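Novice: Mapping to the working numbering: the sequence shown position 38 is 195, numbers consecutive. Take a look at the following structure, please.
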Amino acid sequence: GGEIQLTDAISSLMHVEQVDAYYMKGKSHDCGSKLGYMKANVEFALRHPELGEEFKQFLASMNG
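Written out as structure tokens, the structure is:
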């Protein structure tokens with residue numbers, strides 16, 4: 158759809174200068190879609206040390 162992708166930008170940059178990579182451990186999220194963005198935010202909120210439990214209770218209250 159005419160979007161500029163990060164991989165395209167990295168590929169172009171490689172022709173001009175050295176590009177370094179870092180292998181990241183952990184979970185990644187696809188925030189390229191609205192649903193993926195929402196899922197990432199919910200998962201992050203649930204893991205939040207101060208607000209996670211309260212957010213979990215909020216989600217549970219929406220189910221009933």
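Note that beta-carbon positions come from the ideal geometry of N, C-alpha and C, so glycine has one too. Just so we're clear, the structure is a prediction, and the values are computed from it rather than from any experiment.
Name the two residues that bound the continuous alpha helix (DSSP H) containing Phe194.
Specialist: According to the sequence as given, residue 194 is Tyr; it is not Phe. It spans 191 to 204 - the alpha helix (DSSP H) in which Tyr194 sits, taken as one unbroken run.
Novice: Just how far apart, CA to CA, sit Lys184 and Thr164?
Specialist: 19 Å
Novice: Give the DSSP-derived three-state secondary structure of Met219 in the structure shown.
Specialist: When DSSP states are grouped into helix, strand and coil, Met219 belongs to the helix group.
Novice: Is DSSP giving Ile161 helix, strand or coil here?
Specialist: coil
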